[in-house]
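To start, the structure itself, in structure tokens.
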Amino acid sequence: MDELKPILNELLGQPVAFFGGLVSGFLKLDLQQDPLKGWLEKQGATTTVSSADSKNEGPQSISID
Numbered sequence: 001m002d003e004l005k006p007i008l009n010e011l012l013g014q015p016v017a018f019f020g021g022l023v024s025g026f027l028k029l030d031l032q033q034d035p036l037k038g039w040l041e042k043q044g045a046t047t048t049v050s051s052a053d054s055k056n057e058g059p060q061s062i063s064i065d
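In structure tokens:
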């Protein structure tokens, strides 16, 4: 249950911004572009850059020692 605490805190603290982000995720909208970015900032949400925003599409190789 500890894993869900940050999500529940955001949901209870900023429900409109939370559901806006949730819907934009389902619709695969870019949170870093206006008008969505401006709307989320007005709602009090903070946008973070994740590794999913990188331009490296497709599989990547890794080495395991």
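Okay, so the sequence shown: first residue is 1 according to full-length UniProt numbering, each after it adds one.
Glycine included, each C-beta is placed from N, C-alpha and C at the ideal position.
Source: prediction; values computed, not measured.
What's the gap between the Cα of residue i and the Cα of residue j?
{"i": "Gly38", "j": "Asp65", "result": "44 Å"}
{"i": "Lys42", "j": "Ser63", "result": "43 Å"}
{"i": "Gly44", "j": "Gln14", "result": "7 Å"}
{"i": "Asp34", "j": "Met1", "result": "35 Å"}
{"i": "Gly25", "j": "Leu8", "result": "17 Å"}
{"i": "Pro6", "j": "Lys28", "result": "22 Å"}
{"i": "Pro59", "j": "Leu12", "result": "37 Å"}
By Cβ distance below 6 Å, which residues in the same chain neighbour residue i in space, the five residues on each side in sequence not counted?
{"i": "Glu10", "result": "Phe18"}
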